[in-house]
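Colleague: The following block contains the structure, expressed as structure tokens.
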Amino acid sequence: MEKSLFRYIWRHTRREQLVIFAAVLASLPFYFWSLDLPKRIVNEAIQGGAFKDGRATATFLEIGATPPALFGGGPRVTFFEGFTVGQLGLLFGLSTLFLVLVLVNGAFKYWINVAKGALGERMLRRMRFDLFSLTFRFPPETLRTVKASETATIIKDEVEPIGGFIGDAFIQPMFLGTQAATAMLFILLQNVWLGIIAASIVGIQFVVIPRLRRVQLRLGKERQIASRKLAGRVGEIVDGMEAVHVHDATAWEKAEIGERLFHLFDLRFRIYKWKFAVKFLNNLLAQITPFFFYSVGGYFALKGKLDIGQLVAVIAAYRELPPPLKELIDWDQQRLDVQIKYDQITQQFAPERLIPEEVFAGAEADAEPLRGPLVVKDLRVMDSHGSPLVEGASFAWDLPARIALVGDGGGGPSVLARVLARRIDDFTGQISIGGRDLRRLPEAVTGRRLTYAGVDPILFPGTLRDNLVYGLRHRPVRPGAAGDDAEQRRRRLEASRTGNPEASPDDEWIDYAALGLEGADELDHRLLEELALVGMRDDVYRFGLSGRVDPARYPHLAEKLVEARGLLRAKLADRDMRQLVEPFDPARYNNQATIGENLLFGASVGGAFAGRARAVNPLVRRVLDAEDLTDELVRMGGDIAQTMTEIFRGLPPGHPLFEQFSFIAADDLPEYEDIVRRWATRRASGLTREDRNRLLVLPLDYVEPRHRLGLIDDVLKARIVEARMRFRRELRGTLWEQEVELYDAERVCGAAPLRDNLLFGRVAHGIADARERVTKVAGEVISELGMRDDIARVGLDFQVGPGGRLLTAQQRASVALVRCLVKQPDILVLDGALASYGDAQAASLLATITEAYRGRSLVAVLRDEAQAADFDILVRFTGPRPQQVRGPLAPAAEGGEAGVGAGTVQQPLRDSDKATTEPEFERQTP
Amino acid sequence: MTLDTEVQSLRQVPMFKDIDPARLKLLAFTSERVTFAPGQRFFSQGDLSDAAYVILEGRAHVMLEAPTGVIKVAELGRNDLVGEMGILSETPRSATVLADTDIIALRIDKRVFLELLGQFPQMSIAVMRELAKRLERTNAQLAGRAS
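Listed in order, the protein sequences are those of chains A and B. Just so we're aligned, residue 1 is where the first sequence starts under the UniProt record's numbering, counting upward by one. Just so we're aligned, residue 1 is where the second sequence starts under the UniProt record's numbering, counting upward by one.
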């Protein structure tokens, strides 16, 4: 980033700024004219100056020019004769002209403001993007100390005022300055003395006020730092909430935050005091000038040195003066303020060292494979305290090779692995692959050809599939479905104007051909294969069962699902298990489903028919009213509320039983208690409209066999089915038609989970082990129809939640690992990626991966040498010192220990150990 | 059969008889009413203990699978509580329970039951009292056998 904000702005917006400048300059003559007109109105029209010598008419709007003497002079040339008008006509004519000028000035202002705003927003976009891009260039050691929440706050919030200012940066002083200067010039032209008075007061304003404001600014800066720290601290506490509770440190944390808040308050309070002092002075100066104008100007007018028209015009012009001046001073203050903010932001984004830009630059997708000799020379990595993590590492291996790094409990192997994966680049010594310096390899190569699977899997919110293919989205391959319409062109134009990328996330980013795949379907299958490899296949299948099937996306599966429904039904009947599932039947009440579900007989798509909303949905209410069900259901709600308030009373809010069983959320309990009290004494008449709504919510979730309050009889069931029919009829053509997807035995319901679609009914409550038995039969049906893969594919749509929180630790690790495997890198670095698996599973997984990487390169950090049996090369660490104990030694390693025989185990030599350690001591003792 | 009749049944169980009616209703409401067909197992010896059952209707019996063969240990009928020891001691099922007739039972989930005990000391005390009584009875029997 540029050191100076103004240079940064100027560099990127020069052209736009110049265009706006031109507009500002063009506006000035009109402005001057609008200042001058009042004088003419007073003098010529009102005071009759134009009719002085007994003339009855005057010409108005005559357009002409007198040729300058340079061209020989001559009589005045008239282009337009103008109108001949009387005094009244002149007055109205001039006034109208004044109005027109007001409009013209307004139009100029409008255009300038819009242009300014657009310019500001574009710069804001560019700046946010530049800052964001900069974070990619932070080296790992800086990233460790950067707080994510602070960086996010900077990019989101703190940049905002700067963006607001950018539009004004050059134009505001230019626009306001020229306007003020015009007004000033006008006053000076009318009367020098008045001009001098106005100028000197303006001068005071300009000199004194900014000085006062400087203090205010300093305080503002302190405030900004304090509030950013507060934000960071709150973030830390929230992240570490568990520790706070474990150690009963709430009081301490509260006191700490309280102290910070006081400091903030104190700063703000002092800012206010200064701010209003400045304001006071400003107002005083502004008000005192008219005093001079009236007295001094009046004096001149009485003396006849100034005519009334001029005086009026001067006062009017002076009226025009303070607003631009005030804004100009504001601008100046803003300038300092924003410059400070900008400095702070750029400081935050200017670590000691940035990763060179060339690392990210270009580089073709089909870069050369990472093969050839991997040479490590005198590698040495220190921790922040200066003690060695890895030292004396020198190897030369011919890739592809499978290399095992085994430690003695220290961090050495992991550090070496991370160095090789370029996760650590703060080391001394040299590493090259195929003759290319590892540190200088572009990320386009390391990011595709080399992959690192570490202990902490990093997942992003989105679907499972998004996370798995994250490593395949390097560059857009071709434009997305959006095509090349006007909107897209506009989007791209804006992007290029602001230094943003023109590629859109909607483009096709996965190069299927490079992966040897036909398209998205094959990729899905590849993903599933890899998931099976890491033992996550069943999980994905389960996700699929609770996932939603979009018939448009999975037409084949949708068809099969409908077929499976029939097969499942037949199988259940065969095994005398029919009673375990109550199927959906449009003409019958489903006892195992809620009343709400029976009413809608469909799945809610948007929010209009979900949860509480459906009780107040006008269509639902209309149907219930028409079927006389409203009162009945409210009465049921009353009964339910009564029971719930009775049995859940005394449970603390937030108790798990509430969440699981109660119809009523803990927070709403007191409110329902009130309703129940009114209900118990006065029944329905005691209820307000809102009460009725609240009660109506409850029975919609009621299932008789599950909740067993004895509230539903056959008559009611029949009436609810009637209401269902009416709902279906009335739904047609309403704006809610898209909000609910009705159940249809012949079609898949895209809004309901796959499992429900297969069942097309509800498992009976109250039959022991019903769910398990039905699940088993359903599993058979799925296998029989060969739907497992398709269902697993639906499972790839599973939303993993922020940071993958909806997955277990092992699933997260599996996803991160598959993400690496699917990339098919030339070099795979495994550093603790198997830590969250059980021992047996980790061992078999390692064996599978080792086998799969025959012919490619694998670097694995292992716990013991027994695991390293299948590896070509074994490196053993003693503390930070690595020693190769198996595999071909470097052909021309220093010291002449030219190991040849591949596979021969080299015993570590004590002497050689010493030989490498001794120079260390020599160096330390001069 | 509704929640209220279930509460009546729970009241007949010695372990629950001193518990406040509102709490019993909560216990009933958070339990699940399940039916078993004749011959169906409640659970098998060695299974994880995940729930206790109160029999509302029907008969069942308890079997021990010993190396010597299967021994029928006890008969269960209306208002009997079974499986509570497993969920309290967090040990696997010590015996198998099989339905003799069609059975309606109340399934009290372990997690829910422990939540309730944690929340309401009165319930915990009632359970402890019942366990203490059983221990006392066992002691008395042992004493009787010894003398």
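Just so you know, even glycine gets a beta-carbon here, dropped at the ideal spot from N, CA and C.
Mind checking if residue 657/A is an interface residue toward chain B, Cβ cutoff 8 Å exclusive?
Modeller: What you label residue 657/A is simply residue 657 of the first sequence in a count that begins at 1. Yes, residue 657/A counts as interfacial toward chain B.
Colleague: Less than 8 Å separating the beta-carbons of residue 720/A and residue 541/A?
Modeller: Start at 1 with the first residue of the first sequence, and residue 720/A comes out as number 720. Start at 1 with the first residue of the first sequence, and residue 541/A comes out as number 541. Contact: no.
Colleague: Please check if any C-beta of chain A sits within less than 8 Å of the C-beta of residue 143/B.
Modeller: Sequence index remark: in the second sequence, residue 143/B carries index 143 (1-based). Closer than 8 Å: no.
Colleague: Looking at C-beta atoms only, is the number of pairs between the segment 449-456 of chain A and the segment 417-431 of chain A that lie closer than 8 Å three or more?
Modeller: Under the Cβ criterion (8 Å, minimum of three pairs), the segment 449-456 of chain A counts as touching the segment 417-431 of chain A.
Colleague: Is residue 113/B close to chain A, meaning its C-beta is less than 8 Å from at least one C-beta of that chain?
Modeller: The residue you call residue 113/B lines up with position 113 of the second sequence. Judged by the 8 Å Cβ criterion, residue 113/B is not in contact with chain A.
Colleague: May I ask you to report which of helix, strand or coil DSSP gives residue 12/A?
Modeller: Here the question's residue 12/A lines up with position 12 in the first sequence. DSSP places residue 12/A in helix when its eight states are reduced to three.
Colleague: Which ranges does the beta strand (DSSP E) cover as unbroken runs of at least 3 residues, wholly within the segment 459-506 of chain A, from first to last along the chain?
Modeller: Complete beta strand (DSSP E) runs here, min 3: 473-478.
Colleague: How would you list, in chain order, the residues of chain A whose beta-carbon sits under 8 Å from the beta-carbon of residue 59/B?
Modeller: Stepping through the second sequence from its first residue, residue 59/B is reached at position 59. Result: empty, since nearest Cβ-Cβ is about 15 Å, beyond 8 Å.
Colleague: Looking at C-beta atoms only, is the number of pairs between the segment 708-725 of chain A and the segment 586-605 of chain A that lie closer than 8 Å three or more?
Modeller: Contact between the segment 708-725 of chain A and the segment 586-605 of chain A is present: 3 or more CB-CB pairs across the two stretches fall below 8 Å.
Colleague: Just mark residue 83/B as buried or exposed, buried being the case when its beta carbon has 16 or more other beta carbons within 10 Å.
Modeller: Residue numbering aside, residue 83/B sits at position 83 when the second sequence is read from its first letter. Buried: at least 16 other Cβ atoms inside 10 Å.
Colleague: For a quick check, are the C-beta atoms of residue 870/A and residue 401/A less than 8 Å apart?
Modeller: Translated into the one-based positions of the first sequence, residue 870/A becomes position 870. Translated into the one-based positions of the first sequence, residue 401/A becomes position 401. The answer is no: Cβ separation not under 8 Å.
Colleague: At a CB-CB cut-off below 8 Å, which residues of chain B make contact with residue 648/A?
Modeller: For the purposes of this step, residue 648/A is taken as residue 648 along the first sequence, with counting starting at 1. Near residue 648/A (Cβ distances below 8 Å), the residues of chain B are 26.
Colleague: How about residue 767/A: is its C-beta nearer than 8 Å to some C-beta of chain B?
Modeller: The residue labelled residue 767/A in the question sits at position 767 within the first sequence. By this cut-off, residue 767/A is an interface position.
Colleague: Rounded to a whole number of angstroms, what is the C-alpha to C-alpha distance between residue 29/A and residue 199/A?
Modeller: Counting from 1 along the first sequence, the entry for residue 29/A is found at position 29. Counting from 1 along the first sequence, the entry for residue 199/A is found at position 199. Taking the straight line joining both Cα atoms gives about 21 Å.
Colleague: Taking only the alpha-carbon atoms, compute the straight-line gap between residue 137/A and residue 609/A and give it to the nearest angstrom.
Modeller: On the first sequence, residue 137/A is found 137 positions in, with the first residue counted as 1. On the first sequence, residue 609/A is found 609 positions in, with the first residue counted as 1. Each residue's Cα considered, the two are about 48 Å apart.
Colleague: Between which two residues does the beta strand (DSSP E) holding residue 433/A run?
Modeller: Counting from 1 along the first sequence, the entry for residue 433/A is found at position 433. 428-433 is the span of the beta strand (DSSP E), which, as asked, contains residue 433/A.
Colleague: So which residues on chain A does residue 33/B lean against when the C-beta distance must stay under 7 Å?
Modeller: Locating residue 33/B in the second sequence gives position 33, counting from the first residue. The answer, in chain order, is 708, 766.
Colleague: Could one say the Cβ of residue 16/B lies closer than 8 Å to chain A's Cβ atoms, at least one of them?
Modeller: In the second sequence, the residue the question calls residue 16/B occupies position 16. Taking Cβ atoms only, chain A never reaches closer than 8 Å to residue 16/B, which makes this a no.
Colleague: Using the beta-carbon of each residue, which ones in chain B are nearer than 7 Å to residue 651/A?
Modeller: By 1-based counting over the first sequence, the position of residue 651/A is 651. Correct list: 119.
Colleague: How long is the line joining the alpha carbons of residue 673/A and residue 641/A, rounded to whole angstroms?
Modeller: One-based indexing of the first sequence puts residue 673/A at position 673. One-based indexing of the first sequence puts residue 641/A at position 641. Cα to Cα, the separation comes out at about 8 Å.
Colleague: What does the alpha-carbon distance come out to for the pair residue 508/A and residue 521/A?
Modeller: Residue 508/A sits at position 508 when you count from the first residue of the first sequence. Residue 521/A sits at position 521 when you count from the first residue of the first sequence. About 14 Å.
Colleague: From which residue to which residue does the alpha helix (DSSP H) around residue 883/A run?
Modeller: Reading the first sequence from its first residue, position 883 is the one you call residue 883/A. Element bounds for residue 883/A: not the alpha helix (DSSP H) but the beta strand (DSSP E), 881-886.
Colleague: Quick one: what does DSSP say residue 365/A is sitting in, helix, strand or coil?
Modeller: Taking the first residue of the first sequence as position 1, residue 365/A is located at position 365. Only weak support is given to the placement of residue 365/A: the predicted model assigns it a pLDDT of 48, under 50, and the question is left unresolved by the model.
Colleague: Can you give me the C-alpha to C-alpha distance between residue 510/A and residue 231/A, rounded to a whole angstrom?
Modeller: Counting from one through the first sequence, the residue named residue 510/A turns up at place 510. Counting from one through the first sequence, the residue named residue 231/A turns up at place 231. About 38 Å.
Colleague: Mapping the DSSP letters down to three states, classify residue 398/A as helix, strand or coil.
Modeller: Residue numbering aside, residue 398/A sits at position 398 when the first sequence is read from its first letter. Three-state result, residue 398/A: strand.
Colleague: Could you give the C-beta distance for residue 107/B and residue 32/B, rounded to a whole number, given that I count them as a contact under 8 Å?
Modeller: Numbered from 1 along the second sequence, position 107 holds the residue referred to as residue 107/B. Numbered from 1 along the second sequence, position 32 holds the residue referred to as residue 32/B. Residue 107/B to residue 32/B, Cβ: 5 Å. Contact.
Colleague: Along the alpha helix (DSSP H) that carries residue 65/B, what are the first and last residues, could you check?
Modeller: Counting from 1 along the second sequence, the entry for residue 65/B is found at position 65. Looking at the DSSP string, residue 65/B is not in any alpha helix (DSSP H); the run it does join, the beta strand (DSSP E), is 60-66.
Colleague: Within the chosen definition, does the segment 843-858 of chain A reach the segment 376-395 of chain A through at least 3 CB pairs nearer than 8 Å?
Modeller: no
Colleague: Compute every distance between the C-beta of residue 35/A and the non-hydrogen atoms of the ligand ADP, then say whether any falls below 7 Å.
Modeller: This structure simply doesn't include the ligand ADP, nor any ligand for that matter.
Colleague: Since residue 128/B sits in a beta bridge, which residues does DSSP pair it with?
Modeller: Sequence index remark: in the second sequence, residue 128/B carries index 128 (1-based). Bridge partners of residue 128/B: none, in fact.
Colleague: In its own chain, which residues sit with a C-beta less than 6 Å from the C-beta of residue 49/A, not counting the 5 before and 5 after it?
Modeller: Position 49 of the first sequence, counting from 1, holds the residue named residue 49/A. Non-local C-beta neighbours of residue 49/A in its own chain, meaning closer than 6 Å and more than five positions away in sequence, comprise 43, ordered along the chain.
Colleague: Can you tell me which of the three DSSP states residue 373/A falls into?
Modeller: Locating residue 373/A in the first sequence gives position 373, counting from the first residue. Residue 373/A falls in the strand class under three-state DSSP.
Colleague: For residue 661/A, go through chain B and note every residue whose CB falls closer than 7 Å to its CB, in chain order.
Modeller: Residue 661/A sits at position 661 when you count from the first residue of the first sequence. Here the neighbours are 29, 30.
Colleague: Do you know offhand how far residue 51/B's Cα is from residue 612/A's?
Modeller: For the purposes of this step, residue 51/B is taken as the residue at position 51 of the second sequence. For the purposes of this step, residue 612/A is taken as the residue at position 612 of the first sequence. In a straight line, the C-alpha of residue 51/B is about 33 Å away from that of residue 612/A.
Colleague: On the premise that residue 19/B lies in contact with residue 126/B, defined as a C-beta separation below 8 Å, what is that separation, rounded to the nearest angstrom?
Modeller: For the purposes of this step, residue 126/B is taken as residue 126 along the second sequence, with counting starting at 1. For the purposes of this step, residue 19/B is taken as residue 19 along the second sequence, with counting starting at 1. So it is a contact: roughly 5 Å between Cβ atoms.
Colleague: Using 8 Å as the limit for Cβ to Cβ distance, is residue 52/B near chain A?
Modeller: In the second sequence, the residue the question calls residue 52/B occupies position 52. It does not: the Cβ of residue 52/B has no partner Cβ on chain A nearer than 8 Å.
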